[in-house]
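Enquirer: Start counting the sequence shown at 0; every next residue gets the next number (numbering that gives the first Met the number 0).
Every residue, glycine too, gets a C-beta built ideally from N, C-alpha and C.
Dumping the structure here so I can ask a few things about it.
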Amino acid sequence: MSSMKDITIDSSTNTAIIETGNRLGDVALALNAAGRALPHGTCAYVGIGGHSAFGGYGFTSRQWGLALDPIFAINAVLANGTIVRATEDSYPDIFWALKGAAPSFAITTSIEVNTFAAPTYAIVMEYSWSDVDYQTAGSYLYSFQNFSLSGPASPFAGELVLSRGSQEGLVTFAFTGAWYGDEGSAIPAIQPWLDVMPPPSSSSLVGNGSYIDSVAQLAQPTSLDTSEATESTDTFYAKSITTPEGEPMTLEACTAFMEYLANQGFSSNTNWFIEIELYGGPNSKIGEIPNDATAFARRDTLFAFQLYASSNNGLPPYPEEGFTFLDNMVTSITSNMPSTWNYGAYTNYLDDELQNWETLYFGDNYARLRSIKDQLDPRGVFVFPTSIEE
Numbered sequence: 000m001s002s003m004k005d006i007t008i009d010s011s012t013n014t015a016i017i018e019t020g021n022r023l024g025d026v027a028l029a030l031n032a033a034g035r036a037l038p039h040g041t042c043a044y045v046g047i048g049g050h051s052a053f054g055g056y057g058f059t060s061r062q063w064g065l066a067l068d069p070i071f072a073i074n075a076v077l078a079n080g081t082i083v084r085a086t087e088d089s090y091p092d093i094f095w096a097l098k099g100a101a102p103s104f105a106i107t108t109s110i111e112v113n114t115f116a117a118p119t120y121a122i123v124m125e126y127s128w129s130d131v132d133y134q135t136a137g138s139y140l141y142s143f144q145n146f147s148l149s150g151p152a153s154p155f156a157g158e159l160v161l162s163r164g165s166q167e168g169l170v171t172f173a174f175t176g177a178w179y180g181d182e183g184s185a186i187p188a189i190q191p192w193l194d195v196m197p198p199p200s201s202s203s204l205v206g207n208g209s210y211i212d213s214v215a216q217l218a219q220p221t222s223l224d225t226s227e228a229t230e231s232t233d234t235f236y237a238k239s240i241t242t243p244e245g246e247p248m249t250l251e252a253c254t255a256f257m258e259y260l261a262n263q264g265f266s267s268n269t270n271w272f273i274e275i276e277l278y279g280g281p282n283s284k285i286g287e288i289p290n291d292a293t294a295f296a297r298r299d300t301l302f303a304f305q306l307y308a309s310s311n312n313g314l315p316p317y318p319e320e321g322f323t324f325l326d327n328m329v330t331s332i333t334s335n336m337p338s339t340w341n342y343g344a345y346t347n348y349l350d351d352e353l354q355n356w357e358t359l360y361f362g363d364n365y366a367r368l369r370s371i372k373d374q375l376d377p378r379g380v381f382v383f384p385t386s387i388e389e
């Protein structure tokens with residue numbers, strides 16, 4: 000697929016056909032040259048095919064939806080070799096399944112999308128609180144949850160970034176955000192949260208107001224032009240949690256999570272970080288679409304956690320205790336919530352050791368996905384540890 004990199008933009012309809020060998024940085028550059036944009040992630044070297052196949056969150060997603068949402072047609076090769084162009088009207092079941100679970104059903108060769116006008120103003124916001132004790136860090140997370148539930152405007156986006164503190168019992172608590180609305184409105188958008196937080200250890204507004212400059216800033220340390228360097232490799236394990244907007248985390252769960260990071264996280268023999276991405280809130284486009292409208296089933300998400308740990312030098316082997324480290328990190332939250340808590344997981348942070356992945360990834364959509372799988376791929380051509388089972 001890496002050679003399939005054509006991008007065709009139709010300025011008369013503001014649509015584009017994007018082959019799935021393209022990476023996000025190259026898609027952003029090509030669309031921006033035409034004054035257009037799409038919602039997508041910040042990592043320039045991620046492929047658009049897999050990214051959009053499983054959802055595709057990015058900093059403009061609260062305003063525009065997931066990467067799969069602007070897709071109106073998908074060109075794909077099915078298990079029997081048939082080539083289809085799937086839309087809402089032509090092969091609707093295939094189209095539905097490919098928007099959230101595509102790798103289980105077909106090889107996607109290109110997507111056809113409605114693009115958005117590139118924002119006329121954009122700025123990146125960075126705040127950091129160094130060496131925070133776990134109880135205080137738990138209250139910070141809880142306060143950010145309350146702020147997110149209050150409904151910040153849709154041009155507001157961001158994520159908390161958590162990492163190891165300088166000594167046991169402490170964590171580094173940071174926020175990276177962006178604003179894609181009117182100039183001068185970025186700080187007022189985040190001010191209600193800053194008002195209940197202590198002064199940060201450091202803070203900055205980064206960028207010159209240009210949308211593509213903000214995309215480049217968020218992609219650092221890599222360039223948006225993926226031809227400039229080969230991608231790096233890592234030896235890692237990743238997990239995820241999606242928290243339901245209607246069942247926010249308790250203060251106890253937030254504090255227990257931070258206690259685990261501050262103590263077991265300090266002594267871990269891995270390099271780790273946590274990103275807590277803001278999906279929802281009352282003004283988010285993601286949640287305006289019903290959970291059963293596409294195969295992506297976690298639209299009622301407030302936060303998506305990416306829990307990531309790698310070997311110390313980035314080379315094999317990954318330490319065996321690193322699996323338990325991340326598993327218990329998840330448990331530090333879930334064990335402090337009701338047993339009926341309807342949390343989920345994000346398919347783009349693929350976890351081949353995840354138990355009950357059918358429900359955590361696909362929720363109530365799994366039964367329909369199994370039925371479509373049975374029709375399209377009865378011999379199991381497209382199989383991997385968390386593929387839909389016929």
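#1: Name the residue from Asn79, Ala72 and Thr300 whose alpha carbon lies nearest to the alpha carbon of Glu246.
#2: Let me confirm a value: Asp25 is counted as buried when at least 16 other C-beta atoms fall within 10 Å, else exposed. Which label applies?
#3: Using beta-carbon positions only, say whether Cys253 and Leu161 come within less than 7 Å of one another.
#4: Per DSSP, what kind of secondary structure is Glu244 in: helix, strand or coil?
#5: In whole angstroms, what is the alpha-carbon distance linking Phe383 and Ala100?
#6: To the nearest angstrom, report how far apart Thr404 and Ile82 are at their CA atoms.
#7: If Ser153 sits next to Asn282, beta carbons under 8 Å apart, how far is it from one beta carbon to the other, in whole angstroms?
#8: Taking 6 Å as the line, does the beta carbon of Arg84 fall inside it for any heavy atom of the ligand ADP?
#9: If you draw a straight line from the alpha carbon of Thr358 to that of Gly183, how long is it in whole angstroms?
#10: Quick check on DSSP: helix, strand or coil for Thr232?
#11: What is the DSSP secondary structure of Val123, reduced to helix, strand or coil?
#12: Are the Cβ atoms of Phe115 and Trp178 separated by less than 7 Å?
#13: Could you tell me whether the segment 291 to 300 touches the segment 329 to 336, using the rule of 3 or more Cβ pairs below 8 Å?
#14: Between the C-alpha atoms of Lys372 and Gly379, what's the straight-line distance to the nearest angstrom?
#15: Determine the contact status of Leu314 and Thr234, defining contact as a CB-CB distance below 7 Å.
#16: Could you please give the first and the last residue of the uninterrupted alpha helix (DSSP H) stretch that includes Arg61?
#17: Starting from the Cα of Glu87, find the closest Cα among Tyr133, Lys98 and Pro220 and give me that residue.
#18: Quick one: what's Gly176 bridged to in DSSP?
#19: For Ser213 versus Ser127, is the C-beta distance shorter than 7 Å?
#20: Determine the burial state of Asn311: buried for a count of at least 16 other Cβ atoms within 10 Å of its Cβ, exposed for fewer.
#21: Residue range of the beta strand (DSSP E) that Ser203 falls in?
#22: What are the complete beta strand (DSSP E) segments, minimum 3 residues, inside the segment 238 to 326?
#23: Which of helix, strand or coil does DSSP assign to Val45?
#24: Closest to Ile275 by CA distance: which of Asn341, Phe174 and Ala308 is it?
#25: Pull up the DSSP beta-bridge partners for Glu182, would you.
#26: Determine contact between the segment 215 to 224 and the segment 42 to 51, defined as no fewer than three beta-carbon pairs at a distance below 8 Å.
#27: So for Ile387, helix, strand or coil by DSSP?
#28: Helix or strand or just coil, what does DSSP make of Asn113?
#29: Compute the Euclidean distance between the alpha carbons of Ser209 and Glu319, then round it to the nearest angstrom.
#30: Looking at the unbroken alpha helix (DSSP H) that takes in Glu18, where does it start and where does it end?
#31: Spatial neighbours of Gln216 within its chain, please: CB distance less than 7 Å, with the 5 preceding and 5 following residues excluded, ordered by chain position.
#32: Out of Gln374, Pro289, Asp376 and Val329, which has the shortest C-alpha to C-alpha gap to Gln354?
#33: Going by DSSP, which residues form a beta bridge with Arg84?
#34: In the DSSP assignment, the beta strand (DSSP E) including Thr7 goes from what residue to what residue?
#35: Could you have a look at Asp132 and say whether DSSP puts it in helix, strand or coil?
#36: Compute the Euclidean distance between the alpha carbons of Asp68 and Gln166, then round it to the nearest angstrom.
Expert: Looking at the atomic coordinates:
#1: Thr300
#2: buried
#3: no
#4: coil
#5: 12 Å
#6: The shown model of the chain, from 0 to 389, leaves out residue 404, and the question about it has no answer.
#7: 5 Å
#8: In the structure shown, the ligand ADP is absent, as is every other ligand, since no ligand is present at all.
#9: 43 Å
#10: coil
#11: strand
#12: no
#13: no
#14: 9 Å
#15: yes
#16: Ser60 to Trp63
#17: Lys98
#18: Met124 and Gly157
#19: no
#20: exposed
#21: Ser201 to Gly208
#22: 270 to 277 and 300 to 309
#23: coil
#24: Phe174
#25: Note: Glu182 sits in no beta bridge, so no partner.
#26: yes
#27: coil
#28: strand
#29: 44 Å
#30: Unbroken run through Glu18 is the beta strand (DSSP E), Thr14 to Glu18; no alpha helix (DSSP H).
#31: Val123, Val205 and Gly206
#32: Val329
#33: Asn74
#34: Ile6 to Asp9
#35: strand
#36: 43 Å
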